[in-house]
Amino acid sequence: MAAVDVPRPVPGPRDVLVRIEVAGICGSDRHMFRGEYPTAMPVTLGHEFCGIVEAVGADVRVVAVGDRITADPNIACGQCAACRAGRVNLCAKLQAIGVTRDGGFAEYCVVPENQAVVLPEGIDPRHGAFSEPLACCLHGLDVARIKPGDSVVVLGGGVIGLLMVQLAKLAGAAVVILVTRQAPRRELALTLGATHALDPRAGDVVAMVHEIVSGGADVALECAGVPETFHQSLKVVRKGGAAVLFGVMAQGVEVKVEPFDLLVREVRLESAYLNPHTHQRAADMIAAGQLALDPLISRIVEIADVPEELGGDPRQGDIKVMVRPGQRG
Ligand SMILES: [Zn+2]
Ligand SMILES: [Zn+2]
Numbered sequence: 000m001a002a003v004d005v006p007r008p009v010p011g012p013r014d015v016l017v018r019i020e021v022a023g024i025c026g027s028d029r030h031m032f033r034g035e036y037p038t039a040m041p042v043t044l045g046h047e048f049c050g051i052v053e054a055v056g057a058d059v060r061v062v063a064v065g066d067r068i069t070a071d072p073n074i075a076c077g078q079c080a081a082c083r084a085g086r087v088n089l090c091a092k093l094q095a096i097g098v099t100r101d102g103g104f105a106e107y108c109v110v111p112e113n114q115a116v117v118l119p120e121g122i123d124p125r126h127g128a129f130s131e132p133l134a135c136c137l138h139g140l141d142v143a144r145i146k147p148g149d150s151v152v153v154l155g156g157g158v159i160g161l162l163m164v165q166l167a168k169l170a171g172a173a174v175v176i177l178v179t180r181q182a183p184r185r186e187l188a189l190t191l192g193a194t195h196a197l198d199p200r201a202g203d204v205v206a207m208v209h210e211i212v213s214g215g216a217d218v219a220l221e222c223a224g225v226p227e228t229f230h231q232s233l234k235v236v237r238k239g240g241a242a243v244l245f246g247v248m249a250q251g252v253e254v255k256v257e258p259f260d261l262l263v264r265e266v267r268l269e270s271a272y273l274n275p276h277t278h279q280r281a282a283d284m285i286a287a288g289q290l291a292l293d294p295l296i297s298r299i300v301e302i303a304d305v306p307e308e309l310g311g312d313p314r315q316g317d318i319k320v321m322v323r324p325g326q327r328g
């Protein structure tokens, strides 16, 4: 598969046409590219992006030409039972920019006005493109219900894990333990607010966590999307603690759990999917400069490089790779 030329999209009456400045490559793009996650192929992927509005439809009222926007890619129908209950991420007819309709790995993308969040002037578009993953992390944090003074274990040191470390700290966690195999990410996490960084190959993760927090942690955030870390998330939490499933495992993967253990320890097992009502908060946090994002950006690639990036395994050491049409760096 290679990058192809397509006609410039035309915005409908309630849409805006966005010239993409930066689009982030997400782990789920890789899953989608390989057919491990449902999409509506053929489609232009790219759901984490930031750009400048170049044209607006006749009925667009708020967003204006020249605005820098980030898009909440997930478009809920507003009418199904889940939508009417406010649970828009569970919409029965969910559409998503960069999943079921054309997204941001292109020079231009059409965004419904209602999905556009205007960023303040002067925001670095690379930071703006973090709005979507950050919004998903905020939902994870909402589900986890971290309280000031809590102990939190983050399993997985990818971009999500490193955002979660920062959010847990901002939420007031007293102890934040990052678990990842990669030494540079452990070092980075310690500069971003983690109090401890563990190498899972150095010993039994569960025992190491219990040594730091006697009885186990209050919250575990599973951010790696592999069976091993899912299993660990259930074991590192204390009695009455919460394990939040956040990482995306390929469809069909099954994990062994021991219900008796979950029952008698009353572990609250939850999952956090997408970004219901959190995109604006994410954009506000980025605008306020509450997160260190520059250390998470590994490389900037061109649109022509995207198929190779998505088809291959992530390069060793990469945290977030971003696409900047017309500019490598
Ligand atoms: Zn994503
Ligand atoms: Zn709906």
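Per numbering that gives the first Met the number 0, residue 0 is the first one in the sequence shown, and the count goes up by one each step. In this text, a Cβ means the ideal position worked out from N, Cα and C, and glycines have one as well.
Does the beta-carbon distance from residue i to residue j come in below 8 Å?
i    : j    : result
V15  : V62  : yes
I159 : C136 : yes
V153 : L220 : yes
E131 : E20  : no
G215 : V243 : no
G50  : V17  : yes
R7   : Y107 : yes
L161 : I318 : yes
G359 : C222 : Any property of residue 359 remains undetermined from this structure, which presents the chain solely from 0 to 328.
R67  : P124 : yes
F245 : A271 : yes
Q78  : I96  : no
V320 : I74  : no
My understanding is that residue i touches residue j, with C-beta atoms under 8 Å, so please give their C-beta distance in whole angstroms.
i    : j    : result
G316 : S297 : 7 Å
G94  : R86  : The question names Gly, yet the displayed sequence has Gln at residue 94. Contact flag wrong, Cβ pair sits at about 16 Å.
V204 : A2   : At roughly 41 Å, the Cβ-Cβ gap does not stay under 8 Å, so V204 and A2 are not in contact.
E35  : Q250 : 6 Å
R29  : L309 : 5 Å
P313 : L187 : With a Cβ gap of about 16 Å, P313 and L187 do not count as contacting.
L233 : L261 : 6 Å
G157 : G26  : 7 Å
L166 : A286 : Not confirmed; about 16 Å, so no contact.
V110 : A143 : In fact, because the Cβ distance is near 30 Å, the residues do not count as touching under 8 Å.
L292 : F129 : 5 Å
K238 : E210 : With 8 Å as the limit, K238 and E210 do not qualify as a contact, their Cβ atoms being about 17 Å apart.
Is there at least one non-hydrogen atom of ligand 4 closer than 7 Å to the beta-carbon of residue i?
i    : result
Q114 : Looking at this structure, you won't find ligand 4 anywhere; what it does contain is ligand 1 and ligand 2.
Enumerate in chain order the residues of its own chain whose CB-to-CB distance from residue i is below 7 Å, with the five nearest sequence positions on each side excluded.
i    : result
F104 : A22, T43, L44, G45, I302, V305, V322
M207 : L197
P199 : V178, R180
V164 : V153, V175, L177, A188, L191, G192, A193
P183 : G316
V300 : E308, V320, V322, R327
T38  : M31, V98, T99
L89  : A81
Cutting at 8 Å between CB atoms, please list the residues of its own chain near residue i, excluding the five before and the five after it.
i    : result
H230 : V254, K255, V256
A80  : A91
T228 : L154, G155, V178, E221, C222, G246
G65  : I51, V52
V116 : I68, T69, A70, D71, S130, H278, Q279, A282
E120 : R67
For residue i, which residues from the same chain have a beta carbon less than 6 Å from its beta carbon, with the 5 sequence-adjacent residues on both sides left out?
i    : result
D217 : D149, S150, G240
P226 : V254
M248 : G224
H195 : I176, I211
A173 : G148
H126 : I285, L292
E269 : V142, V243
G11  : G56
Would you list, in sequence order, the uninterrupted alpha helix (DSSP H) runs of no fewer than 4 residues that lie entirely inside the stretch 206-283? Qualifying alpha helix (DSSP H) stretches, in chain order: 226-235, 258-263.
Restricting to runs no shorter than 3 residues, where is the beta strand (DSSP E) found entirely within the stretch 84-147? Counting whole runs of 3 or more residues, the stretch 84-147 contains the beta strand (DSSP E) stretches 107-111, 115-117.
Does the stretch 48-61 come close enough to the stretch 258-278 to have 3 or more Cβ pairs within less than 8 Å? Segments in contact, no.
Quick check on the DSSP output: what are the complete beta strand (DSSP E) runs of length 3 or more inside the stretch 150-203, in order along the chain? The stretch 150-203 is shown to contain whole beta strand (DSSP E) runs of 3 or more residues at 150-154, 174-178, 195-197, in chain order.
Quick one: complete alpha helix (DSSP H) runs, 4+ long, within the stretch 25-58? Listed in chain order, the complete alpha helix (DSSP H) runs (minimum 4 residues) inside the stretch 25-58 are 26-32.
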